[in-house]
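FYI, UniProt numbering numbers position 42 of the sequence shown as 42, with every residue one higher than the one before it.
We put the beta carbon where it would ideally sit given N, CA and C, even for glycine.
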Amino acid sequence: MDEEYCRLRPVALEVQAGECYRWCGCGKSELPPLCDREDCTQSLDYVAPVSETALFCGCKATNSPPLCDGSHGPLLVALMRRRLDQG
Numbered sequence: 001m002d003e004e005y006c007r008l009r010p011v012a013l014e015v016q017a018g019e020c021y022r023w024c025g026c027g028k029s030e031l032p033p034l035c036d037r038e039d040c041t042q043s044l045d046y047v048a049p050v051s052e053t054a055l056f057c058g059c060k061a062t063n064s065p066p067l068c069d070g071s072h073g074p075l076l077v078a079l080m081r082r083r084l085d086q087g
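Structure representation (structure tokens):
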């Protein structure tokens, strides 16, 4: 899979109840979807309410950060249309 496509998909992470995870909101992290930058002003702390597989937003368009809300759907369709038009 190519990089542009992968950036639009949600990222499944196993999270543990009570643990804090720092989500990257700027997209510059080397370890997406988690933030590895101390200077990032767009990161968001997420404390897992339960141990589960959480779907973190990869496209940065979610209306409920840091979790995926399906906002990537139209972005993926637009990407596919662009590529079809390029032939």
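{"Item": "Where Asp45 sits in the DSSP three-state scheme", "Value": "strand"}
{"Item": "Short Cβ contact (7 Å threshold) for Pro10 with Leu55", "Value": "yes"}
{"Item": "When Ala78, Pro66, Arg82 are compared against residue 137, the one with the closest alpha-carbon", "Value": "No answer is possible for residue 137: it lies beyond the span of the chain, which begins at 1 and ends at 87."}
{"Item": "Cut-off 7 Å between Cβ atoms - residues of its own chain near Gln16, not counting five sequence neighbours on either side", "Value": "Ala48, Ser51"}
{"Item": "When Asp69, Tyr21, Cys57 are compared against Tyr46, the one with the closest alpha-carbon", "Value": "Tyr21"}
{"Item": "Complete runs of the alpha helix (DSSP H) confined to the segment 16 to 86 [at least 4 residues]", "Value": "72 to 86"}
{"Item": "Close-in-space but distant-in-sequence residues of the same chain around Ala12 (CB under 7 Å, 5 per side omitted)", "Value": "Thr53, Leu55"}
{"Item": "Separation of Glu38 from Gly25, as counted between CA atoms", "Value": "13 Å"}
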